[in-house]
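Protein chains in written order, with this note's numbering: chain A, 1 to 366; chain B, 1 to 366. Idealized CB from N, CA, C, for every residue including glycine. Worksheet for the structure shown next.
Protein chains: 2
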Amino acid sequence: MTPYTPQIICIDCDATAAIWDWRCPECGGPLDIANPQPFDADRIDAGTWSLWRYGAMLPTDKRFSLGEGMTPLVQTSVDGLDFYAKLEYLNPTGSYKDRGTTVLVNRLLGENVHDVVEDSSGNAGASLAAYAGPSGIHARIFVSTTASAAKKRLIATNAELVEVSGVRSAATAACHAAAETTVYASHAWSPFFLAGQMTAAYEVWEQLGHRAPDAILTPVGHGGLFLGFARGFAALHEAGLVERLPRMIATQAAGCDPIVQGYEQQLNAPPVTQEEETIADGIIVNQPVRGREILRVIRETDGAAYRVQDAAIIAAQKMLAERGLFVEATSAVPLAALREYRHDFAADTTIIMPLTGSGLKGLPGK
Amino acid sequence: MTPYTPQIICIDCDATAAIWDWRCPECGGPLDIANPQPFDADRIDAGTWSLWRYGAMLPTDKRFSLGEGMTPLVQTSVDGLDFYAKLEYLNPTGSYKDRGTTVLVNRLLGENVHDVVEDSSGNAGASLAAYAGPSGIHARIFVSTTASAAKKRLIATNAELVEVSGVRSAATAACHAAAETTVYASHAWSPFFLAGQMTAAYEVWEQLGHRAPDAILTPVGHGGLFLGFARGFAALHEAGLVERLPRMIATQAAGCDPIVQGYEQQLNAPPVTQEEETIADGIIVNQPVRGREILRVIRETDGAAYRVQDAAIIAAQKMLAERGLFVEATSAVPLAALREYRHDFAADTTIIMPLTGSGLKGLPGK
Numbered sequence: 001m002t003p004y005t006p007q008i009i010c011i012d013c014d015a016t017a018a019i020w021d022w023r024c025p026e027c028g029g030p031l032d033i034a035n036p037q038p039f040d041a042d043r044i045d046a047g048t049w050s051l052w053r054y055g056a057m058l059p060t061d062k063r064f065s066l067g068e069g070m071t072p073l074v075q076t077s078v079d080g081l082d083f084y085a086k087l088e089y090l091n092p093t094g095s096y097k098d099r100g101t102t103v104l105v106n107r108l109l110g111e112n113v114h115d116v117v118e119d120s121s122g123n124a125g126a127s128l129a130a131y132a133g134p135s136g137i138h139a140r141i142f143v144s145t146t147a148s149a150a151k152k153r154l155i156a157t158n159a160e161l162v163e164v165s166g167v168r169s170a171a172t173a174a175c176h177a178a179a180e181t182t183v184y185a186s187h188a189w190s191p192f193f194l195a196g197q198m199t200a201a202y203e204v205w206e207q208l209g210h211r212a213p214d215a216i217l218t219p220v221g222h223g224g225l226f227l228g229f230a231r232g233f234a235a236l237h238e239a240g241l242v243e244r245l246p247r248m249i250a251t252q253a254a255g256c257d258p259i260v261q262g263y264e265q266q267l268n269a270p271p272v273t274q275e276e277e278t279i280a281d282g283i284i285v286n287q288p289v290r291g292r293e294i295l296r297v298i299r300e301t302d303g304a305a306y307r308v309q310d311a312a313i314i315a316a317q318k319m320l321a322e323r324g325l326f327v328e329a330t331s332a333v334p335l336a337a338l339r340e341y342r343h344d345f346a347a348d349t350t351i352i353m354p355l356t357g358s359g360l361k362g363l364p365g366k
Numbered sequence: 001m002t003p004y005t006p007q008i009i010c011i012d013c014d015a016t017a018a019i020w021d022w023r024c025p026e027c028g029g030p031l032d033i034a035n036p037q038p039f040d041a042d043r044i045d046a047g048t049w050s051l052w053r054y055g056a057m058l059p060t061d062k063r064f065s066l067g068e069g070m071t072p073l074v075q076t077s078v079d080g081l082d083f084y085a086k087l088e089y090l091n092p093t094g095s096y097k098d099r100g101t102t103v104l105v106n107r108l109l110g111e112n113v114h115d116v117v118e119d120s121s122g123n124a125g126a127s128l129a130a131y132a133g134p135s136g137i138h139a140r141i142f143v144s145t146t147a148s149a150a151k152k153r154l155i156a157t158n159a160e161l162v163e164v165s166g167v168r169s170a171a172t173a174a175c176h177a178a179a180e181t182t183v184y185a186s187h188a189w190s191p192f193f194l195a196g197q198m199t200a201a202y203e204v205w206e207q208l209g210h211r212a213p214d215a216i217l218t219p220v221g222h223g224g225l226f227l228g229f230a231r232g233f234a235a236l237h238e239a240g241l242v243e244r245l246p247r248m249i250a251t252q253a254a255g256c257d258p259i260v261q262g263y264e265q266q267l268n269a270p271p272v273t274q275e276e277e278t279i280a281d282g283i284i285v286n287q288p289v290r291g292r293e294i295l296r297v298i299r300e301t302d303g304a305a306y307r308v309q310d311a312a313i314i315a316a317q318k319m320l321a322e323r324g325l326f327v328e329a330t331s332a333v334p335l336a337a338l339r340e341y342r343h344d345f346a347a348d349t350t351i352i353m354p355l356t357g358s359g360l361k362g363l364p365g366k
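So this is what it looks like as structure tokens:
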């Protein structure tokens, strides 16, 4: 078989890009893989208990793995609302980010890239560090000084931690400068990262007995998880394995809600918004890289976008903990939205809610 | 099919006991299930992505689950030593205890038991609380005041936390008094808990391509994980699915090492030892409930028992973190032992090391 070679193009202007360009050299737009591997149920490696069961559908070989993916799907009920919680916080470093990281890092290893930079509110950096360091990649990770001490500790164990004061986007700006000369292993920009996120959809499809749910609610910062689910179910649809696409519902905190504003104003691209402090610190992103695609997915799947206040997020986080589901505040944003907008959902709707990040990272030390 | 009814007997004197007796009413010895379900590969429910894939081999129906089991098996290498890490800390509450807890709690639910007591150094209590509270069981959990703040917070979320000052065994004594009048949901005593632990062996057997490893090293407090592996592989052996049993290696901290002392002195039962403080706070157990069985398993499998110092444990924990494996100190005891006694293992030995508890619980808060 011919080895697979991904072709990288700009999603805005169709220009061709090099494999480690992080944005379009012509127009600055986000890049994509022009020739993704199609989903093929016959090529699932059922004996592999990780997302590498879908290895034949991923744009890289596997060289290093921490056992990411194959997370539990748990039926639960909160406040009379039934849903399936996809426990993404049981990934190796405690967040859904490991899906994207493992695909990105394995592609880097395959191309002998051993120096990268990245910026992160915490979980993406902790994930990249845990995959990069042990596999011989030196990662410089730019983090806001306001990120949690636990996440900073995790990053510093296996990468070079660079703290940047100011708003969240200040760390991004510092990283962009460094990306002029070093490969940018960006969870926000990399199409390889996004390819890894698609496996969450493949798993849900298997776990529901080879069908699609009616709706998926995710927190949205840059929207990697949201787009991973959307693209994953689109691939299953193209393969003729699901009849229709799930409604994709984006949820954001009121402190930083560009997608909700774009949705409400029926725009094609989200406006650049405020980036206020919110307890949902994993999704303080006021310029999501693939904002146009997120809004298009919402339109095309009859989806929606909801904003919630911090008090509602804290209440939802507590309700999840009382069901044995210990997650960080960001992960509780979709439940807060479901409680507030429950009348937008028919009673027998099959709802998936990924729980994105572990609540253990924020607990008090000994 | 006739519904399965477990028969409870004493392993020391063969007396019959009631289902929720926690020790033999005649001699005080530990209890067992006289008629366990045999392992039957044809009855594995391969579509279920949790330990309930082995539901037909477990002594209870499933009523409540958080998606426990099916943890990753990751090949890694430390200090030139190759082994497979079984990531038990990726269970729902961050420790291997969830395997036993889910079987015990589901049996309690099946028998309409809604009040229990338990004592725990932290992880077992956090696990029981997360399963009991959400499924409508009131649990009073006795914990040493010296347990970690994170674990106490987890327990208090879904159970009644009772702090007991003094040594670890003081909490046990207080719990035993309460167990006079309330069902004792004990991770140390319950044969249902132990039945759940056997699933770790079934998973390793599947993950290795339907074979047994050569050796398994575990931390040993009461030895639930150790005996779960041993009994699980014994069940696979009885079913004719593995040719021989793995060597079972018990590892303990020098501060509290009754099994190592019993092994070195070739005793049938471990002596009651000191219970000094050690960084491996999950295994400060100076009178393991099934100590005789642990020593017998070591003898019968050509196993061993090793003690290690805290400094070696801390070094091993750091080495695991540098491989992206974030575990608590107790989990690093086997690696410390493997490094120290490496010459007791042939070069091509297939070694399994379960990593028992999450390192995230001990990280600093925001």
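Beta-carbon gap between residue i and residue j smaller than 8 Å
{"i": "ALA130(B)", "j": "ASN158(B)", "result": "yes"}
{"i": "PRO6(B)", "j": "ALA15(B)", "result": "no"}
{"i": "ILE141(B)", "j": "LEU154(B)", "result": "no"}
{"i": "LYS86(B)", "j": "GLY125(B)", "result": "no"}
{"i": "GLY136(A)", "j": "HIS114(A)", "result": "yes"}
{"i": "GLY94(B)", "j": "SER358(B)", "result": "yes"}
{"i": "VAL167(A)", "j": "GLU328(A)", "result": "no"}
{"i": "PRO59(B)", "j": "TYR96(B)", "result": "no"}
{"i": "SER65(A)", "j": "VAL74(B)", "result": "yes"}
{"i": "GLU111(A)", "j": "ILE19(A)", "result": "yes"}
{"i": "SER63(B)", "j": "LEU109(B)", "result": "Here the sequence assigns Arg to residue 63(B), which means Ser is not the residue at that position. Yes, Cβ-Cβ distance for ARG63(B) and LEU109(B) is below 8 Å."}
{"i": "ALA215(B)", "j": "PHE345(B)", "result": "yes"}
{"i": "VAL289(B)", "j": "ALA185(B)", "result": "no"}
{"i": "GLY29(A)", "j": "GLY282(A)", "result": "no"}
{"i": "ALA17(B)", "j": "ILE11(B)", "result": "no"}
Close Cβ partners of residue i (< 6 Å) along its chain, the five nearest in sequence each way excluded
{"i": "ASP45(A)", "result": "ARG53"}
{"i": "ARG43(A)", "result": "ALA56"}
{"i": "GLY365(B)", "result": "Confidence in GLY365(B) is poor, its pLDDT being 47 and thus under 50, which makes the residue's placement unreliable; the coordinate value appears in the next sentence. Excluding positions up to five away in sequence, the list is empty."}
{"i": "MET370(A)", "result": "Residue 370(A) is absent from the model: chain A starts at 1 and stops at 366."}
{"i": "ASP98(A)", "result": "GLU68, ASN91, PRO92, SER127"}
Of the residues the options, the one placed nearest residue i, counting alpha carbons only
{"i": "THR356(B)", "options": "GLY69(B), GLU340(B), PRO134(B)", "result": "GLY69(B)"}
{"i": "GLY221(A)", "options": "TYR202(A), PHE192(A), GLY255(A)", "result": "GLY255(A)"}
{"i": "GLU180(B)", "options": "LYS318(B), ARG323(B), GLU118(B)", "result": "GLU118(B)"}
{"i": "GLN287(A)", "options": "VAL162(A), GLY209(A), ASP257(A)", "result": "ASP257(A)"}
{"i": "ALA170(A)", "options": "VAL143(A), LEU161(A), PRO191(A)", "result": "VAL143(A)"}
{"i": "ILE259(B)", "options": "ARG296(B), ASN35(B), THR278(B)", "result": "ARG296(B)"}
{"i": "LYS361(A)", "options": "GLU88(B), ALA149(B), ALA253(B)", "result": "ALA149(B)"}
{"i": "GLU206(A)", "options": "GLY28(B), GLY47(B), ARG23(B)", "result": "GLY47(B)"}
{"i": "LEU241(B)", "options": "VAL272(B), GLY228(B), GLY209(B)", "result": "GLY209(B)"}
{"i": "ALA336(B)", "options": "LEU161(B), ARG323(B), GLY324(B), ALA315(B)", "result": "ALA315(B)"}
{"i": "GLU340(B)", "options": "GLN252(B), PRO191(B), GLY133(B)", "result": "GLN252(B)"}
{"i": "GLU293(A)", "options": "ARG323(A), ALA200(A), ILE351(A), TRP189(A)", "result": "TRP189(A)"}
Same chain, Cβ closer than 8 Å to residue i, five either side skipped, listed in chain order
{"i": "LEU245(A)", "result": "ALA212, ALA230, PHE233, ALA234, HIS237, GLU300, THR301"}
{"i": "ALA239(A)", "result": "PRO38, PHE39, ASP40, ALA41"}
Rounded straight-line distance, which links the Cα of residue j to that of residue i
{"i": "SER331(B)", "j": "PRO219(B)", "result": "7 Å"}
{"i": "ASP21(B)", "j": "VAL183(B)", "result": "8 Å"}
{"i": "ARG342(B)", "j": "VAL78(B)", "result": "11 Å"}
{"i": "ILE284(B)", "j": "THR146(B)", "result": "12 Å"}
{"i": "ALA311(A)", "j": "ALA321(A)", "result": "16 Å"}
{"i": "LEU51(A)", "j": "PRO270(A)", "result": "32 Å"}
{"i": "ALA304(B)", "j": "GLY291(B)", "result": "14 Å"}
{"i": "TYR263(B)", "j": "ARG307(B)", "result": "11 Å"}
{"i": "PRO191(B)", "j": "ILE33(B)", "result": "6 Å"}
{"i": "PRO134(A)", "j": "THR101(A)", "result": "13 Å"}
{"i": "ASN268(B)", "j": "LEU31(B)", "result": "18 Å"}
Distance cut-off 7 Å: residue i Cβ against heavy atoms of the ligand PLP
{"i": "LEU51(A)", "result": "The ligand PLP is not among the ligands present in this structure, which contains no ligands whatsoever."}
7 Å CB neighbourhood of residue i in its chain, flanking five on each side removed
{"i": "GLU277(B)", "result": "GLY255"}
Where are the beta strand (DSSP E) runs, 3 residues long or more, that stay fully inside the segment 38-117 of chain A, in chain order?
-> 73-78, 81-87
Mind pulling the alpha helix (DSSP H) runs of 4 or more residues that sit fully within the segment 137-177 of chain B?
-> 149-158
In chain order, which beta strand (DSSP E) runs of at least 3 residues are fully inside the segment 207-243 of chain B?
-> 215-219
At what residue ranges does the segment 298-343 of chain B contain a whole run of the alpha helix (DSSP H), taking only runs of 4 or more?
-> 310-321, 333-340
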